[in-house]
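Below is one structure, written out as structure tokens; the observations come after it.
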């Protein structure tokens, strides 16, 4: 059966002599792996369409339950070449790729994750990249159901005070109020400013994100918290975090 | 009994990349019909490869002696180092007969998603070779894909302060192809890298 959809290349793995197994985040099928015949050869018809982050219109051939359908067509819609041309941006974009690979199950459509990735890649071609990366991580965790709880106490549900620093407990995936938290040394302190930004970001959209002004130190604080939270949820840090960007 | 011997060879041959059951069967019967000396030579070549192959301590190429033939060759221009990802890439460059310098094999390429960091490649050794002096140019011939590009950029950042000329192999269309069928990224790179005639 021939299946057509749109996809973003997440990674490729060498298979055999000149073949690749390409992992896509697709619009209609979620994470989809496909076998591409001979793309490593110089005159391959796939050209550069299998490079990471390329948005393409693809066609795969195979039974609906086939583990590895064959990639028969890949036409570039948007190459996002500028993201690959910049070392730092690509290293950081690799974390987004890895989050998709680690959190999303194969062959389960996730339109929100695809749309978010497309919006993020378009935004990352220019502008305030630190803020876009942070926003993407937060939204992605929300889509997957792993958003850390910073608005209310994770145990009693009491609202947090936005004026004083709070303590985030990795094991709870949330902040805990003074009454519920017994031992503070296991917690990460979260400044009142970072907390306000986080709560505000839940109402933002990528289309209007440039209207907001956020200090770099607050972005760094929240980014570090999300990285720690992701490492806790996945039981190990993202491999791409060993790269310093 | 004969069937067992043939089946065993077929099973072993299917472990080779790109060789399926049918190809393995064809190869097994071809070997069966070979003169004994030829079959013996093939078997010995495989055993020799496993027993004698080692990495060259200078360039990390695979060779039967250390240093490898290329590093030992006095006629080679040691002021030019061509950096490649894998030992097999050296064979491809050597086929061109255009390059008479020496090589450096990285044994891979940087990949953040796979956790392949600079310390897992032979980058430190390359920097050491340049620091030892006598090198005028380092030609980066890593693959023209994202991993190869990242690796080339990382090496460039390390080598530029050492005052050595760092160049990158050109991008473009393969000879004999048609512009009509080139993808936009390849074509835009070849336009960027155009040269005056």
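Residue numbers (this note's numbering), protein chains in the order written: chain H, 629 to 873; chain S, 89 to 285.
Don't be surprised by glycine CBs; every beta carbon is placed ideally from N, CA and C.
- According to the DSSP assignment, residue 785 of chain H belongs to no alpha helix (DSSP H), since it is labelled neither H nor E.
- Note on geometry: alpha-carbon atoms of residue 131 of chain S and residue 631 of chain H lie some 46 Å from one another.
- Under the Cβ criterion (8 Å, minimum of three pairs), the region 855 to 867 of chain H counts as touching the region 199 to 207 of chain S.
- For residue 829 of chain H, the enclosing alpha helix (DSSP H) covers residues 820 to 829.
- DSSP, read as helix, strand or coil, puts residue 259 of chain S in coil.
- Look at residue 712 of chain H: its C-beta is under 8 Å from a C-beta on chain S.
- The region 722 to 736 of chain H makes contact with the region 635 to 646 of chain H, as at least three CB pairs between them are under 8 Å.
- Under the rule that a run must span 3 or more residues, the beta strand (DSSP E) segments found entirely inside the region 643 to 713 of chain H read 647 to 654, 658 to 664, 683 to 689 and 698 to 706.
- Between residue 712 of chain H and residue 237 of chain S the beta-carbon gap is near 7 Å, inside 8 Å, which marks them as a contact.
- Following the DSSP letters along the chain, one finds residue 228 of chain S inside the beta strand (DSSP E) bounded by residues 225 to 228.
- About 6 Å separates the beta carbon of residue 143 of chain S from that of residue 150 of chain S, a gap short enough to meet the 8 Å contact definition.
- Proximity of residue 135 of chain S to chain H, defined by a Cβ-Cβ separation below 8 Å, is not satisfied.
- Under the three-pair Cβ rule at 8 Å, the region 684 to 692 of chain H does not count as touching the region 804 to 824 of chain H.
- Using a Cβ distance threshold of 8 Å, residue 227 of chain S and residue 168 of chain S count as a contacting pair.
- Close partners of residue 265 of chain S in chain H (Cβ separation under 9 Å): 670 and 671.
- The alpha helix (DSSP H) runs of length 4 or more contained entirely in the region 710 to 769 of chain H are, from start to end of the chain, 715 to 731 and 739 to 752.
- Per DSSP, the continuous alpha helix (DSSP H) segment holding residue 126 of chain S begins and ends at 124 to 140.
- Remark: fewer than three beta-carbon pairs, one from each stretch, lie closer than 8 Å, so the region 246 to 255 of chain S and the region 184 to 195 of chain S are not flagged as touching.
- Looking at the DSSP output, residue 165 of chain S shares a beta bridge with S:189.
- CA-to-CA, the gap between residue 219 of chain S and residue 107 of chain S works out to about 44 Å.
- Going by C-alpha positions, residue 207 of chain S is about 28 Å away from residue 861 of chain H.
- With fewer than 16 other CB atoms across the displayed protein chains lying within 10 angstroms of its CB, residue 755 of chain H is exposed.
- In the three-state reduction of the DSSP assignment, residue 777 of chain H falls in the strand class, which pools E and B.
- Look at the beta carbons and you see the region 652 to 662 of chain H not touching the region 98 to 117 of chain S: under three pairs across the two are nearer than 8 Å.
- Residues 148, 194 and 195 of the same chain have their beta carbon placed closer than 6 Å to that of residue 210 of chain S, with the five preceding and five following residues left out of the count.
- Residue state for residue 635 of chain H is assigned as strand, using DSSP reduced to three classes.
- The beta carbon of residue 718 of chain H lies closer than 7 Å to those of 711 and 712 in the same chain, with the five residues before and after it left out.
- Sequence-ordered contacts of the region 694 to 723 of chain H with chain S read 704, 707, 709, 712, 713, 715, 718, 719, 722 and 723 [C-beta pairs closer than 8 Å].
- If you look at residue 118 of chain S, you'll find it isn't in any beta strand (DSSP E); it sits in the alpha helix (DSSP H) that goes 109 to 120.
- Using a Cβ distance threshold of 8 Å, residue 152 of chain S and residue 140 of chain S count as a contacting pair.
- A distance of 8 Å or more separates the beta carbons of residue 672 of chain H and residue 704 of chain H.
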